[in-house]
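Per this note's numbering, the sequence shown starts with residue 1247, numbered consecutively.
Glycine residues also receive a C-beta, built at the ideal position from the N, C-alpha and C atoms.
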Amino acid sequence: MIKILHLSDIHIGSGFSHGKINPQTGQNTRLEDFVTTLSTCIARAIASDVDLVLFGGDAFPDATPPPFVQEAFASQFRRLADAQIPTVLLVGNHDQHSLGQGGASLCIYRTLGVPGFIVGDSLETHRIETKNGPIQVITLPWLTRSTLLTRPETEKLSLSEINHLLIDRLSTVLEGEIRQLDPQVPTVLLGHLMVDNAEYGAERFLAVGKGFTIPLSLLTKPQFDYVALGHVHRHQNLNPGNNPPVVYPGSIERVDFSEEKEDKGYVLVEVEPGKCHWQFCPIPVRKFCTIRVDVSEAAEPQAALVKAIKKHRIKDAIVRLIYQLQPQQIDQIDHTVLHDCLNEAHNYRIQPELVSQLTSPRLPELGAGGGIDPLSALKTYLENREDLQDIAEEMLAAANSLLAGEEEFFAADEAEEIESAEPNSQEQLQLF
Ligand SMILES: [Mn+2]
1247 MIKILHLSDI HIGSGFSHGK INPQTGQNTR LEDFVTTLST CIARAIASDV
1297 DLVLFGGDAF PDATPPPFVQ EAFASQFRRL ADAQIPTVLL VGNHDQHSLG
1347 QGGASLCIYR TLGVPGFIVG DSLETHRIET KNGPIQVITL PWLTRSTLLT
1397 RPETEKLSLS EINHLLIDRL STVLEGEIRQ LDPQVPTVLL GHLMVDNAEY
1447 GAERFLAVGK GFTIPLSLLT KPQFDYVALG HVHRHQNLNP GNNPPVVYPG
1497 SIERVDFSEE KEDKGYVLVE VEPGKCHWQF CPIPVRKFCT IRVDVSEAAE
1547 PQAALVKAIK KHRIKDAIVR LIYQLQPQQI DQIDHTVLHD CLNEAHNYRI
1597 QPELVSQLTS PRLPELGAGG GIDPLSALKT YLENREDLQD IAEEMLAAAN
1647 SLLAGEEEFF AADEAEEIES AEPNSQEQLQ LF
């Protein structure tokens, strides 16, 4: 039986905006948080005397981390080399420079010849000798179109056709690896990928059209005793029948507020041919806390805010206070009081949101009973908005064009601006 510690999505060096400078060290506290958590994983590997460590990819926020961040990562993994624990570092999408064309941040460990370290930057099978016998690890790094396909092959194809072709190709190559496996030796597939039935958090919609999704059936081969994944930050097992387990350990630290409610940790695995036992081990990590409150109807908005804050345990947490209020209530909020209330948090931000004018009482002219065409409705609305008089005519012209179906109304560059002004979800996507 071989004992494995499986961790993934370390992303060390990210989320500095949620931290502050530690005056004692001069370092961002979020870097220190990530180092502490990573250190907890490494300490467990050593204390439990595991035979192998598998890292599922995404070491940093991008492929060119600053030297002090690389050093923080290396000094933790070095402890595994010192303890003579074989380690596989899989290349995730954030580890690849220019979509893989520029190499990967983790390849330096191969170049340096760190004893016992293997870098998984291509699809291949590694037979690793551990103190409890051999194990086969198939590494499947983050796939891009150019990994398995050539440009002429994909030239005239749509995205979904390319996805199909890629899956076809992957399944052939994987089959080739499987045929060469030794059935007497336990086998693990280590992949950085998005499985089509994985559950994401708030960022689910980001999956559409971004990268390739792999069908679960491609991973649940009887020849695999355990499928170790990386990429999705929420811990989950995609194959509850456990034949074999298909496990995302998730990220080891909360990267942003989308992970506020997720447990963080690593997975301990015991594997032998045809048998696997695994266990998720949570790590106590810094709390994220969203306080959301609508005080727009409150007679005393200030008191309502203070009450809402007091309901939460915010000591040492990373907090965001989001509250709705009406424009005329702004003067009733004393920010120094809010700062005092939030002071015991590790870091906080306050995001007031003005309730839209649109929710004010309906204009009598637009009342129920009687259909009114959209253009007249807009006209009536604009007549009642003195602040919009300057652009009223333009708005009417724009509405006219839209209703007439003139799609070219938006100049190309404007359309682009609109696209890039999408919610700050971009930030999450980068880390996924
Ligand atoms: Mn990833």
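> What is the rounded straight-line gap between the Cα of residue 1591 and the Cα of residue 1420?
Replying inline: 49 Å
>> Rounding to the nearest angstrom, what Cα-Cα distance links residue 1392 and residue 1278 in this structure?
In response: Distance between residue 1392 and residue 1278, taken at the CA atoms: about 37 Å.
> Applying the criterion that 16 or more other CB atoms from any shown protein chain within 10 Å of the CB defines a buried residue, is residue 1443 buried or exposed?
Replying inline: Flag for residue 1443 reads exposed.
> Should residue 1367 be counted as a contact of ligand 1 given a C-beta to heavy atom distance under 7 Å?
Replying inline: no
>> Using the Cβ count rule (16 or more neighbours within 10 Å means buried), how would you classify residue 1259?
In response: buried
> Since residue 1554 contacts residue 1537 with CB under 8 Å, what's their CB separation in whole angstroms?
Replying inline: 6 Å
>> Looking at the secondary structure, which residues open and close the alpha helix (DSSP H) in which residue 1495 lies?
In response: Careful: residue 1495 lies outside any alpha helix (DSSP H) and carries neither H nor E.
>> Looking at the secondary structure, which residues open and close the alpha helix (DSSP H) in which residue 1525 lies?
In response: Premise fails: residue 1525 lies in the beta strand (DSSP E), 1521-1528, not in any alpha helix (DSSP H).
>> Does the beta-carbon of residue 1338, which I'm using as the reference point, lie nearer than 7 Å to any heavy atom of ligand 1?
In response: yes
> What are the boundary residues of the beta strand (DSSP E) that residue 1249 is part of?
Replying inline: Where residue 1249 is concerned, the enclosing beta strand (DSSP E) stretches over 1248-1253.
> When DSSP labels each residue in this structure, what does residue 1319 get in the three-state scheme?
Replying inline: In the structure shown, residue 1319 sits in a helix (DSSP, three-state: H, G or I).
>> Can you tell me whether residue 1303 sits near ligand 3, meaning its C-beta is under 7 Å from at least one heavy atom of the ligand?
In response: Here the bound small molecules are ligand 1; ligand 3 is not part of this structure.
> How long is the line joining the alpha carbons of residue 1383 and residue 1570, rounded to whole angstroms?
Replying inline: 52 Å
>> Rounded to the nearest angstrom, what separates residue 1600 and residue 1264 at their Cα positions?
In response: 24 Å
> Under the three-state reduction of DSSP, which class applies to residue 1513: helix, strand or coil?
Replying inline: strand
> Could you give the distance in angstroms between the alpha-carbon of residue 1629 and the alpha-carbon of residue 1602?
Replying inline: 18 Å
>> According to DSSP, is residue 1548 part of a helix, a strand, or is it coil?
In response: helix
>> DSSP three-state label for residue 1574, please.
In response: Residue 1574 falls in the helix class under three-state DSSP.
> Tell me which same chain residues have a C-beta within less than 6 Å of the C-beta of residue 1573, skipping the five on either side of it?
Replying inline: Cβ within range, chain order: 1600.
>> If you follow the beta strand (DSSP E) that residue 1301 is in, where does it begin and where does it stop?
In response: 1298-1301
>> Tell me the DSSP secondary structure of residue 1664 in three-state form.
In response: For residue 1664, the predicted structure reports a pLDDT of 35, less than 50, and the residue's modelled location is therefore unreliable. A value from the coordinates is still provided. Note: residue 1664 maps to helix in three-state DSSP.
> Beta carbon of residue 1496, beta carbon of residue 1336: below 8 Å?
Replying inline: no
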